[in-house]
Structures are given as structure tokens and as C-alpha cells.
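Asker: Numbering (our numbering), first residue to last: 122 to 314. Even for Gly, the Cβ is constructed at its ideal location relative to N, Cα and C. Quick one: the structure is below, questions incoming.
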């Protein structure tokens, strides 16, 4: 069953499709929501509210081919409502922090020990704004495309592309010799805290 089929079954009231969506995406939503620095209980409650509303309004939800995209955007909107202010109304003045931690295995960089790997990734992360960290998380961990990132973050398509470019440029400038390796580590190793 494709994602579109699962989503359509859910929209028609199929409880098993709804349960599948919940269990397949809950952890990812939780990881994404926690990165905004909000209390964990608020994030968990917001996700529960999101799924309650999804079930209540299932007949009027829009069709989608990417459930992950739909849910990430819905969660971001829900978190915004809880704060009673839009998230990131201005690219330069982030109103909500987005944090990230990376974990990985020794095999990724044989020449560095684990402590050096962690320090290199932390320097790369610290060089980025919270907005840039979120954009990289959406692009490389959740594999969202630019139109989806733009929709989730309430940006224009071009602004989403520009922010990804600026984040990659910042990493490349700080780590000119091994920026691709750092990016690969970020993509492969992004885990929850």
C-alpha cells in the first residue's frame, strides 16, 4: 500500500490506516518537535492534539502523497498556535530555537577518534543559525524537497533554496577540507537527544 493509499484509507475512516500513520510517524514528529526547545510535555501533547484533530476532520483533510510532509507542517502549525505567535516570522530574527545533536560510529571517520568527531560536528552546528539547522534537518534527515520545506517553514520556494545554500556554505567555509563528509555524517547520523 502506498502512502497515498494509506492516507486515502485514513480519510475514509479506516482505523488501521490511522494507526499505521500514527505509529510510523510519531517518533519522527516527536524528534522534530523537541528540536524547538519547547518542554517535552508540550510537544507530546501537541502531537496528541494533532492526531485527535486529524481523526476528527479526516473527511476534510487534503489528499497528500507524502504523509511525513503533511504531518511535519501540521505539527509546526500546531506548535505555532501554542505559542500564539508565528514561528520564524523573519528569517533573520528567529523566534524559536532549533537544536540538533548528532551521534555516529567510529567507522565514519577512521582518522579521528570519537571525541574529535563530536567536536567537529558541534563546531559545524554552532556555525549555523537555528533556522539553518532546522532547514538541514528537514532537507537531509526528513528528505523533504524545497517546495515541502517552503510549506513547512512558511517560506517561499526561493527562500528555502537560499537557506539551504547558506547553511551548506557556512559549513563549507568552516570546514573546507571535509565539509562533504560532515554533511554526510549529519544526514546519516541525526538522532534524537
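(1) Return the CA-CA distance between residue 142 and residue 262, expressed in angstroms with no decimal places.
(2) Which same chain residues, not among the five before or five after residue 268, have their C-beta less than 7 Å away from its C-beta?
(3) Would you mind reading off the limits of the alpha helix (DSSP H) that contains residue 153?
(4) Since residue 275 is in the alpha helix (DSSP H), which residue starts that stretch and which ends it?
(5) At the level of alpha carbons, what is the spacing between residue 193 and residue 171?
(6) Cα separation between residue 126 and residue 195?
(7) Considering Cα atoms alone, identify which of 133, 161 and 201 is closest to residue 179.
(8) With DSSP run on the structure shown, which of helix, strand or coil describes residue 161?
(9) Pick out whichever of 164, 176, 260 and 247 has its Cα sitting closest to the Cα of residue 136.
(10) Are the CB atoms of residue 189 and residue 265 nearer to each other than 9 Å?
Answerer: The structure says:
(1) For the purposes of this step, residue 142 is identified with residue 21 of the chain shown, where counting begins at 1. For the purposes of this step, residue 262 is identified with residue 141 of the chain shown, where counting begins at 1. Spanning the two alpha carbons is a distance of roughly 19 Å.
(2) The count along the chain shown starts at 1 and reaches residue 268 at position 147. 278.
(3) Translated into positions along the chain shown, residue 153 becomes position 32. In the DSSP assignment, residue 153 falls within the unbroken alpha helix (DSSP H) covering 136-155.
(4) Position 154 of the chain shown, counted from the start, is the residue given in the question as residue 275. Here residue 275 belongs to no alpha helix (DSSP H), and DSSP marks it neither H nor E.
(5) Here residue 193 is taken as the residue at index 72 of the chain shown, counted from 1. Here residue 171 is taken as the residue at index 50 of the chain shown, counted from 1. Each residue's alpha carbon lies about 10 Å from the other.
(6) What you label residue 126 is simply residue 5 of the chain shown in a count that begins at 1. What you label residue 195 is simply residue 74 of the chain shown in a count that begins at 1. So the two alpha carbons sit approximately 20 Å from each other.
(7) Here residue 179 refers to the residue found at position 58 when the chain shown is read from its first residue. The shortest Cα separation from residue 179 among 133, 161 and 201 belongs to 133.
(8) Position 40 of the chain shown, counted from the start, is the residue given in the question as residue 161. Looking at residue 161 - three-state DSSP - the assignment turns out to be helix.
(9) Looking up residue 136 in the chain shown gives position 15. Checking every option, the nearest Cα to that of residue 136 belongs to 176.
(10) Locating residue 189 in the chain shown gives position 68, where the first residue counts as 1. Locating residue 265 in the chain shown gives position 144, where the first residue counts as 1. Closer than 9 Å, so yes.
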